[in-house]
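Listed in order, the protein sequences are those of chains A and B. Residue numbering for the first sequence is 1 to 319, as defined by UniProt numbering. Residue numbering for the second sequence is 1 to 425, as defined by UniProt numbering. Built from N, CA and C at the ideal position, the CB exists for glycine as well. One structure is given below, encoded as structure tokens.
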Amino acid sequence: MRNPQLNKHGELQHLLTLDGLPREILIKILDIAAPFTEVAEREVKKLPLLRGKSIFNLFFENSTRTRTTFEIAAKRLSADVVNLNVSTSSTAKGESLLDTVDNLCAMQADMFVVRHASSGAPVLIAQHLQACGHDDIHVVNAGDGRHAHPTQGLLDMYTIRHCKGDFTRLSVAIVGDVLHSRVARSQIAALKTLGVPDLRVIGPKTLLPTAVEHMGVRVFHDMREGLRDVDVVMMLRLQNERMNGALLPTAQEYYKMWGLTAEKLALARPDAIVMHPGPMNRGVEIDSSVADGAQAVILKQVTYGIAVRMAVMSMLAGN
Amino acid sequence: MNILIANGRVIDPANDVDRQLDVYVVDGKIAALGSAPAGFVAGRTIDAAGLVVSPGLIDLAARLREPGFEYRATLETEMEAAMAGGITSLAIPPDTDPTLDEPGLVEMLTYRAKKLNRAHIYPVGALTLGLKGERLSEMAELVEAGCVAFSQANVPILDNMVLMRALQYAATFGFRVWLQPIAPFLARGGHAHDGDVATRLGLAGTPVAAETVALYTYLELAKITGARLHITRLSSAAGLALVEQARAEGMDVTCDVSINHLHLCDEDIGYFDANCHLVPPLRSRADRDALARGLATGSIDALCSDHTPVDDDGKQMPFSESETGATGMELLLPLTLKWGREAGLTLSQALARVTSEAARIVGIVKAGHLAVGARADVCVFDPEAVVKIGREQLLSQGKNTPFLGYELSGRVRYTLVEGQVMFGA
């Protein structure tokens, strides 16, 4: 069983997950991303690294924000970008996922950026491409179900590295709906790979996955206890639909127990940074005073996200 | 035609036979063992030197996909797979389309199978109409039509009052009820064992409680109603412990496990292998090991293939969207042998789980053993010969098995059904 994101030489062929991604590759992506942050500062924000390449943003689940950042990243690398909102086109007509992929392969795609509601969909696509002999086509997972959101995880690592430097001295807390979060899974995988010695997850039992402690995290249900002396607070988005089931009673109670307020943040280190993958639910998982406060690096994350995605795409398909 | 199966190692678990014997088949029955009956002239002699001669295997769960799912498989293709697997009797779950809740349908299926003249089929009727868990099926009529038991396949009944009434009604006649332990609300939306792998891969988990809570209910209701209960497809150590406890208290309950759950665990999902998308889900390594031990000690009575052919389109999807099930009839024998070897059992002890013990659960008297007078359903196999499990090798229309690429020992050389050689050169 070969790791589907590496080719037979152990090089990155696709970016599907950060779980099991070798440390050297992870670091390399962060290193490559660094100079790309400066591209945005230039008058001409373009590099020719992906000139002539066709990148298909294949979004089976709507996400304007993620799609836009991938599009900007690809365009800054001079690629041709085609956006497909498949949730509203082919599959509604009954076309299977792999039929859609085959059709786009026939249009000489060089890369698919895939967002899908089902865990593992980009892995399936990567395996299919390999089975069809399309070794020259790359897949970037832009978020699949609850499984992974590797570029989000990478941009978070970039942000932490930028703000904090050494990972091996950090206390990091991930707060909220870990159960349904592909972001949290990618963050945990990357933080463990990068050697974070104290990694915590904080949330109610209903929103923490079974045996999450086997991923090398410490589990806290009391947010005040969990935030004590951490260097990094990573908030997760709470989807509104979680309120409809039996997972949580109300948004109000959630905010009271696990919403990040200035008062709770004060328990962390004074220089702790606050992160959020967006879009934020102000007043549910995070208070506005914190979201807009001096410790928040949430907008930096967005900026770095473009550089990291440029790094990933150029590494996979660069000329 | 009279057949002589010569020089083979005859293993008949039901009769505690394991030695080299010639088997004489006359008029579709076992006529004699060891020495020829008077006036016997062999029309054909099968040289079984170096081979094992065993009762034909009995599979407690083989979905042949007819009626209703002919695009996935047909009686013709699956009967050939059964023959290649040395399986001569099949219990058919009722989750066809329409479901097996109509005596006429059961008669038609039985008739079609008979005409094909391959494995004997033993339909398991739907416990409730359409498996909907609302109205009882005509159990007495269905038994007259050939049903050997009643089940809900893997569609649990939501309303426990309906379940209790169904068990009561079946108990009125002493009919067997086969239930797969699935607590509907606890299992809803789950696609993998709620454990490390599901957590890591972000798959919605099915907790073990989905099995244990159902077992508490089933065992209690069976006790109250006096129904003859058989538990199908155990998946967890905790579930097994509940069945063992009920038996220790004197309850007459049997249970089985599938080849998949006997050999695999959630780790085998690997990188989202949809062939591992099964109901119940593959559970932890510890669960798997407990099931293997339970089958060895006899806590679990029988092993089955849980044969469920699915077409490629149904499997080439993201894991949780893919259809559940695995093809299995052609794997039953080699995986029985593999388990037996790993558990340190004799061939006879291992084969009992797919012959005599399975026969007892279905209620088959004239097969599942090789006593004189038994139906000459025989499997002649080479226990050492290696079979490669590949898409090309499988005769089943379904190529969906987590064991693709495995090399397993145990190759069927001849399959006889009622004294006719239906498979083998």
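Exposure label - ASN103 of chain A; buried when at least 16 CB within 10 Å: To locate residue 103 of chain A, count along the first sequence from 1; it is residue 103. Classification of ASN103 of chain A: exposed, given that the 10 Å Cβ count is below 16.
ALA246 of chain A: CB within 6 Å of a non-hydrogen atom of the ligand SAH: Ligands are entirely absent from the displayed structure, and the ligand SAH is therefore not among its contents.
Stretch pair the segment 128 to 147 of chain B + the segment 158 to 167 of chain B: three plus CB contacts closer than 8 Å: yes
GLN130 of chain A in three-state terms, based on DSSP: Within the first sequence, numbered from 1, the residue matching residue 130 of chain A stands at position 130. Of the three classes helix, strand and coil, the one that applies to GLN130 of chain A here is helix, per DSSP.
Stretch-stretch touch, CB-based, cutoff 8 Å, three pairs: the segment 229 to 241 of chain A with the segment 134 to 147 of chain A: no
One or two residues paired with PHE403 of chain B in a DSSP bridge: Looking up residue 403 of chain B in the second sequence gives position 403. In DSSP, PHE403 of chain B forms no bridge with anything.
Limits of the unbroken alpha helix (DSSP H) element including TYR254 of chain A: The residue labelled residue 254 of chain A in the question sits at position 254 within the first sequence. Where TYR254 of chain A is concerned, the enclosing alpha helix (DSSP H) stretches over 251 to 258.
Beta-carbon proximity of ALA317 of chain A to ASP110 of chain A, cut-off 7 Å: Taking the first residue of the first sequence as 1, we reach residue 317 of chain A at position 317. Taking the first residue of the first sequence as 1, we reach residue 110 of chain A at position 110. Result yes, Cβ atoms of ALA317 of chain A and ASP110 of chain A sit closer than 7 Å.
Chain B within 7 Å of VAL219 of chain A, Cβ atoms only: Translated into the one-based positions of the first sequence, residue 219 of chain A becomes position 219. So, not an interface residue.
Coarse secondary structure for SER186 of chain A, derived from DSSP in three states: As a working mapping, residue 186 of chain A is identified with position 186 in the first sequence. Correct three-state label for SER186 of chain A: helix.
Nearest-angstrom Cβ-Cβ length linking residue 432 of chain B and SER299 of chain B, presumed shorter than 8 Å: Since the first residue of chain B shown is 1 and the last is 425, residue 432 of chain B is not available in this structure.
Range covered by the alpha helix (DSSP H) that runs through PRO184 of chain B: Numbered from 1 along the second sequence, position 184 holds the residue referred to as residue 184 of chain B. Residues 184 to 187.
Stretch pair the segment 157 to 164 of chain A + the segment 206 to 223 of chain A: three plus CB contacts closer than 8 Å: no
ARG231 of chain A: first and last residue of the uninterrupted alpha helix (DSSP H) it sits in: The residue given as residue 231 of chain A occupies position 231 in the first sequence. For the sequence presented, residue 231 of chain A should be read as Asp rather than Arg. Segment: none, ASP231 of chain A is in no alpha helix (DSSP H) and carries neither H nor E.
Amino acids of chain A, ordered along the chain, whose beta-carbon sits closer than 9 Å to that of PRO67 of chain B: One-based indexing of the second sequence puts residue 67 of chain B at position 67. Going along chain A, no residue has its Cβ under 9 Å from PRO67 of chain B, so there is no contact; the nearest lies around 24 Å.
Beta-carbon gap between ILE273 of chain A and VAL297 of chain A smaller than 7 Å: Walking along the first sequence from the start, residue 273 of chain A turns up at place 273. Walking along the first sequence from the start, residue 297 of chain A turns up at place 297. In contact: ILE273 of chain A and VAL297 of chain A (Cβ atoms closer than 7 Å).
7 Å CB neighbourhood of ARG375 of chain B in its chain, flanking five on each side removed: To locate residue 375 of chain B, count along the second sequence from 1; it is residue 375. If we look at ARG375 of chain B and ignore the five residues flanking it on each side, its Cβ neighbours are GLY28, LYS29, LYS366, ALA367, GLU418.
Per-residue burial, HIS214 of chain A [other beta carbons within 10 Å of its own, 16 or more giving buried]: In the first sequence, counting from the first residue as 1, residue 214 of chain A sits at position 214. Burial call: exposed.
Identity of the residues DSSP links to ASN57 of chain A by a beta bridge: Counted from its first residue, the first sequence places residue 57 of chain A at position 57. Bridge partners of ASN57 of chain A: A:ASN83, A:VAL113.
Segment contact, 8 Å Cβ cut-off, at least three pairs: the segment 384 to 403 of chain B with the segment 303 to 319 of chain B: yes
Any C-beta of chain B under 7 Å from that of ARG146 of chain A: Taking the first residue of the first sequence as 1, we reach residue 146 of chain A at position 146. Chain B contact via Cβ: present.
Residue-level contact to chain B via CB, HIS214 of chain A, 7 Å cutoff: What you label residue 214 of chain A is simply residue 214 of the first sequence in a count that begins at 1. So yes, HIS214 of chain A belongs to the interface.
Integer-rounded CB distance, given that LEU278 of chain B should sit under 8 Å from GLY85 of chain B: Sequence index remark: in the second sequence, residue 85 of chain B carries index 85 (1-based). Sequence index remark: in the second sequence, residue 278 of chain B carries index 278 (1-based). Between LEU278 of chain B and GLY85 of chain B the Cβ distance is about 19 Å, and since that is not below 8 Å, they are no contact.
Any chain B beta carbon closer than 7 Å to ALA211 of chain A: Mapped onto the first sequence, residue 211 of chain A falls at position 211. It does; some Cβ of chain B falls within 7 Å.
Pairwise C-alpha distance: ASP382 of chain B and HIS149 of chain A: For the purposes of this step, residue 149 of chain A is identified with residue 149 of the first sequence, where counting begins at 1. For the purposes of this step, residue 382 of chain B is identified with residue 382 of the second sequence, where counting begins at 1. Cα-Cα distance, rounded: 50 Å.
Cβ pair count under 8 Å reaching 3, the segment 244 to 254 of chain B against the segment 192 to 203 of chain B: no
Integer-rounded CB distance, given that GLY56 of chain B should sit under 8 Å from VAL378 of chain B: Within the second sequence, numbered from 1, the residue matching residue 378 of chain B stands at position 378. Within the second sequence, numbered from 1, the residue matching residue 56 of chain B stands at position 56. Confirmed, Cβ separation roughly 6 Å.
Own chain, CB closer than 7 Å to ARG118 of chain B, minus 5 neighbours either side, in chain order: Here residue 118 of chain B corresponds to residue number 118 of the second sequence, with the count starting at 1. Around ARG118 of chain B: MET79, ALA82, MET83, VAL417, MET422.
Listed by chain order, chain A residues near SER89 of chain B by CB distance under 7 Å: The residue given as residue 89 of chain B occupies position 89 in the second sequence. In chain order: nothing, as chain A lies at least about 36 Å away.
Element boundaries [alpha helix (DSSP H), containing ALA126 of chain B]: If you number the second sequence from 1, residue 126 of chain B lands on position 126. Careful: ALA126 of chain B lies outside any alpha helix (DSSP H), inside the beta strand (DSSP E) at 120 to 126.
Proximal residues, the segment 10 to 26 of chain A versus chain B, C-beta separation under 7 Å: ASP19
For GLY205 of chain B and ILE188 of chain A, the rounded distance between their alpha carbons: In the first sequence, residue 188 of chain A corresponds to position 188, counting from 1. In the second sequence, residue 205 of chain B corresponds to position 205, counting from 1. In a straight line, the C-alpha of ILE188 of chain A is about 19 Å away from that of GLY205 of chain B.
Coarse secondary structure for PHE319 of chain B, derived from DSSP in three states: Residue 319 of chain B sits at position 319 when you count from the first residue of the second sequence. Reduced to three states, the DSSP call for PHE319 of chain B is helix.
C-beta contact flag for LEU21 of chain B and LEU33 of chain B at 7 Å: Within the second sequence, residue 21 of chain B is the residue found at index 21, counting from 1. Within the second sequence, residue 33 of chain B is the residue found at index 33, counting from 1. Yes.
Nearest-angstrom Cα separation, counted from GLU321 of chain B out to THR225 of chain B: The residue labelled residue 225 of chain B in the question sits at position 225 within the second sequence. The residue labelled residue 321 of chain B in the question sits at position 321 within the second sequence. Rounded to the nearest angstrom, the two C-alpha atoms are 38 Å apart.
Proximity test, Cβ basis, 7 Å: GLY52 of chain A and chain B: Taking the first sequence and counting its residues from 1, the one referred to as residue 52 of chain A is at position 52. Closer than 7 Å: no.
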